[in-house]
Each structure stands twice: as structure tokens, then as C-alpha cells.
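Protein chains in written order, with my numbering: chain D, 3 to 116; chain X, 283 to 398.
Take a look at the structure set out below.
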Amino acid sequence: IAGITQAPTSQILAAGRRMTLRCTQDMRHNAMYWYRQDLGLGLRLIHYSNTAGTTGKGEVPDGYSVSRANTDDFPLTLASAVPSQTSVYFCASSDGGGVNYGYTFGSGTRLTVV
Amino acid sequence: AQKVTQAQTEISVVEKEDVTLDCVYETRDTTYYLFWYKQPPSGELVFLIRRNSFDEQNEISGRYSWNFQKSTSSFNFTITASQVVDSAVYFCALRGDSGSARQLTFGSGTQLTVLP
């Protein structure tokens with residue numbers, strides 16, 4: 003089934019540890035995104051990539067890094083996790099900038115930093 | 283910067299009641315796109331609708347309808363004859379057409395609870 007696969011589904015992480023959240027899509031969408039969802043704040047954009055080889059910062063990029071080596075994969079790395087990074091993380095992709103065909107979201111990664 | 287405001291944090295209704303979820307947006311772009319997503323208790327985000335700024339026609343899909351008014355910068359969502367399965371968090375979102383506004387910006391969401 004075409005879509006986005008995120009891994010892991012959930013994770014408990016010790017503060018200070020490094021963690022990479024994985025995101026893979028099989029729709030050949032040009033653009034990919036990482037959002038974090040926090041209660042009362044909705045979804046906020048962390049980083050995005052309009053095409054393979056390029057990335058950009060969203061609203062809340064601090065403490066996170068991304069790479070886009072190919073079209074399908076868009077990993078999100080927390081170099082040194084802090085408790086404020088406890089959140090649900092959603093990866094998304096779009097074709098045509100989301101205008102023509104909207105956005106497809108993964109099922110999320112629930113991350114708890116202790 | 284663009285912004286989406288969903289002033290209703292939580293709404294509770296009894297099954298079969300109609301309910302309207304409000305969405306007010308801010309953007310400097312003349313071309314923009316508005317979205318509604320549903321997030322049921324299972325957590326996934328379900329796409330409901332996308333509207334373009336140059337198309338103010340209201341839309342109806344079954345029990346769902348959307349009222350887009352550029353004059354008040356609002357894109358409200360009405361569920362007619364609500365059902366328990368409609369219980370979810372609903373997000374309104376905006377995508378502009380220039381610079382950083384070309385990213386999808388979400389409102390804070392409205393938690394809808396439909397009681398049997």
C-alpha cells in the first residue's frame with residue numbers, strides 16, 4: 003500500500019542520547035516534511051525538503067537536523083535529546099507542493115525523553 | 283507570517299446535533315489553500331478537504347459542509363447530525379503561495395466529543 007512509513011512507532015529515550023526517526027515514502031513525492039504535535043499547539047513544522055538534496059528550516063528547528071539523500075527517505079535526527087522534545091512526530095510528503103494533491107502523513111512516532 | 287486560529291479548544295455535543303468548528307486564518311498572500319484534517323483517537327491524520335482562495339463556493343460532502351468566506355478570513359466546518367464516530371481532533375491548516383508561507387501551517391485543533 004502506497005504511503006509513508008515511520009519508525010519507530012514509539013520510543014523512550016534518555017536525555018542526552020542521540021536518536022534518528024526514520025521516514026520513508028513510496029509515492030515519489032518531491033517534498034517531505036517533519037512536524038511535531040503537542041497538546042494545545044497543533045502541529046508545528048520542524049524541517050522540510052522541497053526536493054532531494056535540499057532542506058529548509060520550519061517553525062521549530064532547534065535541536066533537530068534532517069537530510070534528504072534521495073527522494074524516498076527523510077530522517078530526522080535529535081543530536082542530544084532533551085525532555086522538551088517529548089512529542090508525537092509526524093512525517094509528511096506532497097507532490098506539487100501540496101496544492102494539487104494535498105499532503106500524505108505517516109502514522110507518527112511517539113517519543114518520550116526522560 | 284501566516285497564522286491559523288481555532289478558538290474552540292473543546293466541544294461536546296449529543297449525537298444527532300449539528301456542530302460547527304470555527305477556523306480563522308491570516309495570510310498576506312492573495313493565493314492560498316485551506317485544509318481540514320481529522321485526527322481520530324487512533325492518531326492518524328485524515329485529509330478531509332482542500333479549498334483554493336479563488337474558489338469561494340461552499341462544499342458539502344455527506345454530513346460534512348464547509349463555509350469559506352474571504353471577507354471574514356474564515357473557513358468553518360459543520361457536521362450535520364453528528365455521530366459518535368465523529369469524535370476526534372479536527373485541524374484547520376493553511377498553505378500560502380510565497381516564500382516560507384508555502385509550508386502548511388496548522389491551527390491548534392478542536393477536540394470534538396460526540397456523546398451517545
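Glycine is no exception: its CB is placed at the ideal position from the N, C-alpha and C atoms.
Computed from a predicted structure; not experimentally measured.
{"Check": "Burial state of F336/X, where buried means 16 or more other Cβ atoms lie within 10 Å", "Outcome": "exposed"}
{"Check": "Check whether Q39/D and V90/D have beta carbons under 8 Å apart", "Outcome": "yes"}
{"Check": "Any chain X beta carbon closer than 8 Å to Y66/D", "Outcome": "no"}
{"Check": "Buried or exposed by the 16-neighbour rule on C-beta atoms within 10 Å, applied to G344/X", "Outcome": "exposed"}
{"Check": "Where the stretch 376-394 of chain X meets chain D: residues whose CB sits under 9 Å from a CB there", "Outcome": "R377, D379, S382, R384, Q385, L386, T387, F388, G389, S390, G391"}
{"Check": "For V116/D, the three-state DSSP class (helix, strand or coil)", "Outcome": "coil"}
{"Check": "Residues, ordered as in the chain, of the stretch 323-334 of chain X that lie near chain D by beta-carbon distance below 7 Å", "Outcome": "G325, E326, L327, F329, R332"}
{"Check": "Cβ pair Y372/X, T354/X closer than 8 Å", "Outcome": "no"}
{"Check": "Amino acids of chain D, ordered along the chain, whose beta-carbon sits closer than 9 Å to that of F373/X", "Outcome": "G44, L45"}
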